[in-house]
Structures are given as C-alpha cells and as structure tokens.
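Numbering (the numbering used here), first residue to last: 42 to 361.
Where a beta carbon is used, it is the ideal one built from N, C-alpha and C, also for glycine.
Model, not experiment: these values are computed from the prediction.
One structure below.
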C-alpha cells in the first residue's frame, strides 16, 4: 500500500490534485520515509514559490515514498509517470529508475552522489535528455569526514562506518572511506543498515567491537531516521560524524557537507523553471560551492570530549 496519502497529509498537501485538472502536477518521490523530511519539503516549496508556483493555488504536488523498501520504487515511479505528472522530483535511487522508465517526463533529482558516475546525466554542464538536478556530493566526502573524526578522536583504534547497501550515494562514500582508511592506518568496521530495524543491531556490533567513533554515510534512510540515530549515539556515548547539519541540530556531535536545504530549494527552482517551459537538458546540474563543518558543543561536553582548537577554528558553526 502506498504511503502517499499519509505523507501528503503530514506534509500539508491536503487538496486532491485530481480535483484540480487545470494545474500542473509535480510528483515528489523518495526511497525513504517522508516523515523526517518535512524541512526539505519546505525548502522545495520555497524554491517553487520563487518561480511563482504555490501549492494549492497554481501547482499540485503528489508525494510518494517507498518507505525504505527499494523494491517498491519501480511501481511507484511507473504510477506517477502514467498519471501523468508534469515534472518528477526524485532522490538518486528513484531518479535512476525514472530515467530508465521515461524519456518524456522531465525529471529533477536531488543526489548526494556523483550524477555522472550514477548514470543520471552524461555531463554536469549539459545534461542530456529529460533529466537534470542538484548534487550535494555527500559521497565524495568520506575521506574528509574520516580525517575530521580522527582529529577529534585520535585514539580510536576502530571507527565504524554506517552504510546502506541499497543506496548508491551511501555505497560510494563507503568505498571512499575504505580506500582512505589503510593509507592512514585506520581500522574501520562497516555496518550495513537497510531499514530502521537494523540500527539497534548495528550499534550493538559497534559496542561489541569496541569502536571508538562512528562515521555515518549520507543517505535518505539515515536523514529520515536521524532522531533514532542521534538517540543511539547518545545512549552508547559514540562520537559520530554526519554529512548533514540536520543531525547536529537534532543533537548529533558533528557534520561536514554541503547544505541539503540549499539543494532542495534549488530543486524547487529548477522544477518551477521547467514548469514554465525550460528544458532539463538546458539546465546544468547544480553543484555545491561551500562545505560546512558544524559541531555541537553541548553534545561534545556530554561525551566528555574536548574539541581541538584546530577544529573550532575550521568550524562554520558551533552550537552551544
């Protein structure tokens, strides 16, 4: 059973799009839950509004989620294409399926990985066909996050790496960490998580193996379940680094990455421009120009950690 109705209700999409045939319909699909993604959807709506589109007035949005069950994505994507929608907005996994399923419906992606390596586009500057989007390049930050975590906890003999085997972005970052770790003599422990129910098992393994820190790869599953992840890291007193600032605002220790808020706002802008008649192939893939280090000093104090001056100076934001 699709979760679109529930998600739409939770996100404020209370009007039936099919009762408004005169307005364009945007399909918004994620591999992970829409619960926990409200802030990202809000930024997407902001971007749409900047181009003159307001949900419920001159555009309708149909929300869909595979609820972390990737095998459901093909059916969900196919249903939205058949409706049809005017533009399909998708994260990486959903966008890959959509690209294979249609050459006519415009697709705008929000990707944490390299869209060229993931075969979403042939070129960042001139994407071909019916697809473009925004990349916040979380998968390219694995080695940097490992470096920052080692600087914070230099005595950690083992560092855990939380990854989703079903996620292209998460797997790309996992590979980068595994490549970088031997170079600096760091032992890493990969913990595979496909659904929320796997988190407790992963942390139990982390504790059993006496890992001194945890690197969480960027993935929609983890973002949507950030409260759960932060709670577990707090319970087991594990210093953790994330890709998105959202985790630090929720009580996580540290994050390093581009703004996912900016990414979803830009996705909204691109969606609006396409609704106005522009072609995806003429809209270059947007890439981040700034990466931010955010540290939660309150969490560090609770963990008994002293933030090195070098990290304090490099931090874009320190949360008290």
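Check: Near residue 102, which residues of its chain fall below 6 Å by C-beta distance, leaving aside the five closest residues on each side in sequence?; Outcome: 54, 67, 69, 96
Check: Per the DSSP calculation, residue 104 is bridged to which residue(s)?; Outcome: 69
Check: Relative to the C-alpha of residue 300, which residue among 166, 205, 178 is closest?; Outcome: 178
Check: By Cβ distance below 8 Å, which residues in the same chain neighbour residue 50 in space, the five residues on each side in sequence not counted?; Outcome: Confidence at residue 50 is low in this model, with a pLDDT of 37, below 50, so the placement of that residue should be treated as unreliable; the coordinate-derived value is given next. Cβ neighbours of residue 50 beyond the five flanking positions: none.
Check: Tell me the residue span of the beta strand (DSSP E) that contains residue 13.; Outcome: As shown, the chain starts at 42 and ends at 361. That puts residue 13 outside it, with no answer to give.
Check: Please name the residue, chosen from 283, 325, 334, 165, that lies closest to residue 254 on a Cα-to-Cα basis.; Outcome: 283
Check: With a CB to CB cut of under 8 Å and the five nearest residues on each side skipped, what residues in its chain are close to residue 77?; Outcome: 264, 265, 266, 267, 268
Check: Rounded to whole angstroms, what's the CA-CA distance from residue 338 to residue 230? Just pull it up for me.; Outcome: 26 Å
Check: Report the start-end ranges of each alpha helix (DSSP H) in the region 225–285 that is 4 residues or longer and not cut off at the edges.; Outcome: 240–249, 261–265, 267–276
Check: Looking at the strands, I want to know which residues DSSP matches up with residue 337.; Outcome: 360
Check: Is there at least one non-hydrogen atom of the ligand ATP closer than 7 Å to the beta-carbon of residue 302?; Outcome: With respect to the ligand ATP, the structure shown offers nothing to examine, as it has no ligands at all.
Check: Can you tell me the Cβ-Cβ gap for residue 313 and residue 93, rounded? I've got them flagged as a contact below 8 Å.; Outcome: 7 Å
Check: Are residue 247 and residue 174 close, meaning C-beta to C-beta below 8 Å?; Outcome: no
Check: Mapping DSSP to helix, strand and coil, what is residue 313?; Outcome: helix
Check: Do the CB positions of residue 144 and residue 122 come within less than 8 Å of each other?; Outcome: no
Check: Take residue 190 as the anchor and find which of 165, 279, 75, 64 has the nearest alpha-carbon.; Outcome: 279
Check: Using only the alpha-carbon positions, how far apart do residue 110 and residue 234 sit?; Outcome: 12 Å
Check: With a 10 Å radius around its C-beta and 16 neighbouring C-beta atoms as the bar for buried, classify residue 226 as buried or exposed.; Outcome: exposed
Check: Smallest Cα separation from residue 64: which of 86, 127, 113?; Outcome: 127
Check: Mind checking residue 241: buried by the 16 CB within 10 Å criterion, or exposed?; Outcome: exposed
Check: Would you mind reading off the limits of the beta strand (DSSP E) that contains residue 150?; Outcome: 148–152
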